[in-house]
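Residue numbers for the sequence shown follow this note's numbering, so the first one is 1 and each next one is one higher.
For reference, the structure discussed in these notes is given below.
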Amino acid sequence: MADRRTFNVVILGVGFLFIFTAFTTCGNVEQTVVKTLHNSTFSGSGYHSLGIIYGVFSFSNLLAPTVVTVIGPKMTMFLSGLLYSGYIAVFIIPTTWAFYLTSVLIGIGAALLWTAQGHFLVENSEASTINRNTGMFWALLQCSMLFGNLYIYFDWNGRTEISDNSRRNIFLSLLVASILGTLSFLVLKKSHHEEEMLSEEEGQTLLSTRMMYKHRANAAMQDTKSEFKTMLHVLKTKTILLLSPCMAYSGLELSFYSGVYGTCIGATAQFGEAAKGLIGISGIVVGIGEIVGGGLFGLVCKNNRFRRTSVVFLGMVVHFVAFYLVFLNIPDDAPVVFETTTQTTPYLTPSISIALLCSFLLGLGDSCFNTQLYSILGRVYAEQSTPAFAIFKFIQSVFAAVAFFYSGNLLLMWQLLLMVILGFTGTLCFFMVERMQNFSVDLQEY
1 MADRRTFNVV
11 ILGVGFLFIF
21 TAFTTCGNVE
31 QTVVKTLHNS
41 TFSGSGYHSL
51 GIIYGVFSFS
61 NLLAPTVVTV
71 IGPKMTMFLS
81 GLLYSGYIAV
91 FIIPTTWAFY
101 LTSVLIGIGA
111 ALLWTAQGHF
121 LVENSEASTI
131 NRNTGMFWAL
141 LQCSMLFGNL
151 YIYFDWNGRT
161 EISDNSRRNI
171 FLSLLVASIL
181 GTLSFLVLKK
191 SHHEEEMLSE
201 EEGQTLLSTR
211 MMYKHRANAA
221 MQDTKSEFKT
231 MLHVLKTKTI
241 LLLSPCMAYS
251 GLELSFYSGV
261 YGTCIGATAQ
271 FGEAAKGLIG
281 ISGIVVGIGE
291 IVGGGLFGLV
301 CKNNRFRRTS
311 VVFLGMVVHF
321 VAFYLVFLNI
331 PDDAPVVFET
341 TTQTTPYLTP
351 SISIALLCSF
361 LLGLGDSCFN
371 TQLYSILGRV
381 YAEQSTPAFA
391 IFKFIQSVFA
401 AVAFFYSGNL
411 LLMWQLLLMV
421 ILGFTGTLCF
431 FMVERMQNFS
441 VDLQEY
C-alpha cells in the first residue's frame with residue numbers, strides 16, 4: 001500500500017513537471033513570441049492571454065471541486081492536461097480566435113488540475129507522510145522552471161529575431177512534453193479510498209451507472225454549497241481582510257516575474273544578440289531563487305510565528321532591492337514597446353549580471369511571501385484550511401489577471417511603484433495579523 005502511494009506521488013510530480021515545463025516556459029516567452037510573429041492576421045497579446053487565464057482560473061475554482069468529485073481526480077487531471085496541451089499547440093500555427101479561446105479553456109483546466117492534484121495528494125498520504133509527499137511533489141514541480149528555459153537559452157542565444165521555423169520547433173517540443181505529462185496521469189493507480197468507494201457502488205446493483213454519477217453529482221453540489229457558505233464566512237474574518245493586501249501583492253509580483261520581466265529583458269536593445277537567450281536564463285535563475293527560498297524558509301522556519309515575520313520582512317526587502325535595480329537597469333518602455341527592442345535608455349548601462357541577480361531576487365522574494373502565507377493560513381485556519389486557501393488563490397489570481405492586463409500599457413516605472421506600495425502595505429498587514437495571533441496565544445496561556 002505504501003509503495004503504491006509513493007508511486008502515485010512520484011508519477012503525479014513527474015506529470016506536473018512535464019506539463020509545467022511546457023506552460024511555464026510558454027508563459028515566460030509568449031509576449032516576446034507574439035511580438036515577433038510574421039503574421040498580419042494575428043493580433044493577440046501575450047499579456048491579455050495570461051490575464052484571461054488567471055481571471056478564468058480564479059472563478060473556476062468555485063466549481064472545480066464538484067467536477068473532481070463526480071469524475072474523479074485521475075480523469076480530471078488527464079482532461080486538464082489535454083487543455084494545457086491545446087494551448088501550447090496554438091503557438092505552432094497561431095490564430096487570434098484559437099489563442100483567446102484556449103486561454104479561457106486553460107483557465108478552467110488550471111482550476112480543475114490544481115483542485116484534483118490537492119485531492120489526489122491527500123488521498124495518497126497519511127499524517128506521517130503528508131510532509132514528505134508534499135516536499136517530493138513540489139521539488140519535482142519547481143524543476144519545471146529549469147528545463148524548458150534552458151532550451152530557450154540554447155535555441156535563442158545570439159538571435160535578434162525569432163523565425164517562424166524556430167517558433168514551431170520550440171512549441172512542438174513543449175507540446176510533446178505537455179502530452180507526456182498528460183499521458184502519465186493514466187498510469188496512476190487507484191487509491192485505497194477510491195477502491196472502497198467503487199466496491200460500495202458496484203455492490204449497489206440496483207443503481208445504474210447513470211444513477212451512480214447523478215448521486216455523486218448531487219452529493220458534490222451539496223458539499224460545494226456548504227463550502228461556499230464557509231468561504232463567505234471566512235472571507236469576513238478580520239485575519240483574512242488584513243491578509244488580503246499581502247495576497248494581492250503576491251498576485252502582482254507573480255505576473256511580473258512569470259511573464260513581464262522576461263519580456264523586458266528580451267526587449268532591451270542594449271543586450272544585443274544575447275537578449276532573447278537571456279529570457280531563458282532569467283527563467284532558470286527565478287526557478288533557482290524559488291527552490292532556495294522554498295527549501296530554506298518552507299522547511300527551516302516551519303510553524304514559527306516569530307520567524308514568519310522575519311521571512312516576510314526579508315521578502316519585502318529582497319523584492320524592493322530587485323525593483324530598484326530593475327528600475328535602474330531596464331529601459332522604462334521595455335514592457336510596452338511594440339517593436340522587438342526598446343527605444344529609451346535606462347539610468348545605468350544595462351548589465352546582464354544585474355538583470356540575472358534581479359531574477360534570483362524575484363524568485364527568492366516570491367518564495368518568502370508564499371511559504372509564510374501558506375504557513376499562517378494553515379495555523380490560523382487549521383479547521384477551515386480548504387476555504388482559506390481557496391480565498392488566497394482567488395485573490396492572488398484576480399490581481400495577477402489585473403496586472404497582466406495593465407502590463408502592456410503601463411511603463412515599467414509605474415508597474416514597479418504599484419508593487420512597492422502594495423508590497424509595503426501587505427507586509428504591514430501581515431505583521432498586524434502576527435501581532436494579533438501572538439496576543440491571542442498569550443491570553444490563552446495566561
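Glycine included, C-beta positions come from ideal geometry on N, C-alpha and C.
Would you mind sorting residue i into buried or exposed? The rule is 16 or more other CB atoms within 10 Å of its CB.
| i | result |
| --- | --- |
| Val187 | exposed |
| Gly72 | buried |
| Asp3 | exposed |
| Asn303 | No answer about Asn303 holds up, because its pLDDT of 48 lies below 50 and its placement is not dependable. |
| Met419 | buried |
| Gly251 | buried |
| Tyr381 | buried |
| Ile265 | buried |
| Gly426 | buried |
| Leu12 | buried |
| Arg308 | buried |
| Ser45 | buried |
| Leu428 | exposed |
| Glu290 | buried |
| Glu253 | buried |
| Glu445 | With a pLDDT of only 46 at Glu445, under 50, the local geometry of the prediction cannot be trusted, and the value read off the model is given with reservation. It is exposed - the Cβ of Glu445 has fewer than 16 other Cβ atoms within 10 Å. |
| Gln415 | buried |
| Tyr347 | exposed |
| Leu174 | buried |
| Arg132 | exposed |
| Lys238 | exposed |
| Arg435 | exposed |
| Phe20 | buried |
| Lys189 | exposed |
| Ser163 | exposed |
| Ile421 | exposed |
| Gln142 | buried |
| Asn124 | buried |
| Phe392 | buried |
| Leu121 | buried |
| Asn409 | exposed |
| Phe16 | buried |
Taking the Cβ atom as the reference point for each residue, do residue i and residue j lie within a distance shorter than 8 Å?
| i | j | result |
| --- | --- | --- |
| Ala267 | Ile395 | no |
| Ile284 | Met145 | yes |
| Glu30 | Ser43 | no |
| Gly55 | Ala390 | no |
| Ala334 | Leu361 | no |
| Val68 | Leu112 | yes |
| Ile179 | Ser85 | yes |
| Arg167 | Glu273 | no |
| Met455 | Val9 | Any question about residue 455 goes unanswered here, given that the chain covers just 1 to 446. |
| Val14 | Leu172 | no |
| Ile354 | Leu325 | yes |
| Leu156 | Lys276 | Before going further, note that residue 156 is Trp rather than Leu in the sequence given. Result yes, Cβ atoms of Trp156 and Lys276 sit closer than 8 Å. |
| Ile288 | Asn28 | no |
| Phe18 | Ala116 | no |
| Ser58 | Val398 | yes |
| Ile53 | Ile106 | yes |
| Asp332 | Leu411 | yes |
| Phe271 | Pro350 | yes |
| Gly363 | Val286 | yes |
| Met413 | Phe327 | yes |
| Ile88 | Cys26 | yes |
| Glu230 | Pro65 | This sequence places Thr at residue 230; Glu is not what is there. Going by C-beta atoms, Thr230 is not nearer than 8 Å to Pro65. |
| Ile281 | Tyr153 | yes |
| Leu83 | Ile108 | yes |
Could you check whether the Cβ of residue i sits closer than 7 Å to any heavy atom belonging to the ligand ZN?
| i | result |
| --- | --- |
| Gln343 | This structure simply doesn't include the ligand ZN, nor any ligand for that matter. |
Indicate whether at least one CB of chain C lies closer than 8 Å to the CB of residue i.
| i | result |
| --- | --- |
| Ser375 | Of the chains in the structure shown, none is chain C; there is only one protein chain. |
Query raised in the report: Does the count of Cβ pairs from the stretch 395-405 and the stretch 283-295 closer than 8 Å reach three?
Result: no
Query raised in the report: Hey, is the stretch 96-104 in contact with the stretch 146-154, meaning 3+ C-beta pairs nearer than 8 Å?
Result: no
Report task. Evaluate the contact criterion for the stretch 364-378 versus the stretch 305-321: three or more CB pairs, one atom per stretch, below 8 Å. Result -> yes
**Report entry** Ordered list of beta strand (DSSP E) runs contained in the stretch 414-441, each at least 3 residues
**Finding:** none
Query raised in the report: What runs of the alpha helix (DSSP H), each 4 residues or longer, lie entirely inside the stretch 137-174?
Result: 144-156
Query raised in the report: Which whole runs of the beta strand (DSSP E) in the stretch 271-321 are 3 residues long or more, in chain order?
Result: none
**Report entry** Minimum length 4: unbroken alpha helix (DSSP H) runs contained in the stretch 37-90
**Finding:** 46-60, 64-71, 73-90
Query raised in the report: Taking only runs of the alpha helix (DSSP H) that begin and end inside the stretch 331-403, which ones reach a length of at least 4 residues, in chain order?
Result: 352-380
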